[in-house]
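The working numbering numbers the first residue of the sequence shown as 2 and each following residue consecutively.
Reviewing the structure listed below.
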Amino acid sequence: MTIFKALQWASSFLREHGRDKNAGEILLMNQLKINRSRLFAELRTELSGEDWEQFRLDVQEHAAGKPVQYITGYEEFFGRKFSVNPNVLIPRPETEELVMAVLNKVDRHFAASQPELLAADVGTGSGAIAVTLKLERPRLHVCGTDISAGAIEIAKKNAGRLGAAVRFLQGDLLQPLLETGHKFHVVVSNPPYIPRGEKEQLSDVVKGHEPSSALFGGEDGLDFYRRFMEKLPDVLEDRAIVAFEIGAGQGEAVSGMMKVQFPEGLTEVLHDMNGKDRIVVTSL
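Next up, the structure:
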């Protein structure tokens, strides 16, 4: 079995099962530990029996619904590889836009001479947001929180492998921040925001494998934002930034909550690359 024939088989098999035919390339690159250019440079190379068997099993597993990222064990975020497993949500490109918006706000909102800024990523999951903030802006002192012990474990693994000095705290929403006794200059979160009634509309790859606790935010998807409002003032410095990822169509509701809670702040709704509501950011 050559690489070319293996990819042909995978493309046809995945298409028959309603999956992205290009997933075969990702799975074979992962199995052979090579990049895409080398994969296509070696199309006539014979696969070992072991590599072919594992690749075949991986393709069948994805066809059955398991996300490619949970098979390979990683997803790329901001140009870095983050380990993922079923304990954590797979990082999305939209969340990269959230991070970019926060970085831009930090640069504009705080003087370069201000050496210590405390930042928190609430519901850190794989640690993608927290680790990226620290690596992109080293002056930030970053902590990540999550209610899931499994998520904290994978986040610590990612921070250690990528060389990011991030502190991780287990607990529900803002409670771990309250317990530190510190006030924070930056609070960012990508909380669960999918309305429960939309579950059946999701791909089986998502609803059947990614953690429900990281996806669904109650009947209207807004439960976690409401809970944030209760304690946010208690964890923020007088001059601060709060940024949330939101679902499409939730901009008015979430920005309205922030305007009620922080009438003196500047609250904006930012759109993603597809022109949909994606970020609510408030500057105090």
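Just so it is clear, CB atoms sit at the ideal spot from N, CA and C, and this is done for glycine as well.
Taking all protein chains shown into account, decide if residue i is buried (16 or more other Cβ within 10 angstroms of its Cβ) or exposed.
{"i": "Gln32", "result": "buried"}
{"i": "Gly218", "result": "buried"}
{"i": "Gly252", "result": "buried"}
{"i": "Glu51", "result": "exposed"}
{"i": "Pro234", "result": "exposed"}
Of all the options the options, which has the alpha carbon lying nearest to the alpha carbon of residue i?
{"i": "Ala170", "options": "Gln115, Arg37, Gly126 and Arg140", "result": "In the sequence under discussion, the amino acid at residue 170 is Leu, which differs from the Ala named in the question. Here the closest residue by C-alpha is Gly126."}
{"i": "Ile195", "options": "Ala249, Val270, Pro234 and Asp21", "result": "Ala249"}
{"i": "Gly179", "options": "Ser149, Val236 and Thr146", "result": "First, the residue type needs correcting, since residue 179 is Leu and not Gly in the sequence shown. Comparing Cα positions, the closest option is Val236."}
{"i": "Pro68", "options": "Ser13, Phe79, Asn36 and Ile27", "result": "Ile27"}
{"i": "Gly80", "options": "Leu163, Asn191, Leu48 and Asp273", "result": "Leu163"}
{"i": "His183", "options": "Ala112, Tyr75, Ser38 and Ala121", "result": "Ala121"}
{"i": "Gly74", "options": "Arg20, Asn159 and Lys6", "result": "Asn159"}
{"i": "Phe245", "options": "Lys232, Pro264, Glu238 and Leu271", "result": "Leu271"}
{"i": "Arg138", "options": "Ile153, Gly161, Phe111 and Ala152", "result": "Phe111"}
{"i": "Arg227", "options": "Ala241, Asp239, Arg240 and Gln262", "result": "Gln262"}
Taking only three categories from DSSP, how would you classify residue i?
{"i": "Ile148", "result": "coil"}
{"i": "Val189", "result": "strand"}
{"i": "Ser127", "result": "coil"}
{"i": "Leu134", "result": "helix"}
{"i": "Asp239", "result": "strand"}
{"i": "Gln115", "result": "coil"}
{"i": "Phe229", "result": "helix"}
{"i": "Glu265", "result": "coil"}
{"i": "Arg140", "result": "coil"}
By Cβ distance, which residues of its chain are closer than 6 Å to residue i, with the 5 residues on each side in sequence left out?
{"i": "Glu95", "result": "Asp273 and Arg279"}
{"i": "Asp173", "result": "Ile148"}
{"i": "Val243", "result": "Val188 and Thr283"}
Quick one: what's got a C-beta closer than 8 Å to residue i's C-beta in the same chain, skipping five residues either side?
{"i": "Ala150", "result": "Gln171"}
{"i": "Leu29", "result": "Ile4, Ala7, Leu8, Ala11, Leu40 and Phe56"}
In chain order, what residues of the same chain have a beta carbon less than 7 Å from the beta carbon of residue i, not counting five sequence neighbours either side?
{"i": "Gly145", "result": "Asp122, Thr125, Gly128, Ala131, Ala156, Val167 and Phe169"}
{"i": "Lys232", "result": "Leu175 and Leu179"}
- Task: Identify every run of the beta strand (DSSP E) within the region 3-91, keeping only runs that are complete inside it and at least 3 residues long; order them along the chain.
- Result: 75-78 and 81-84
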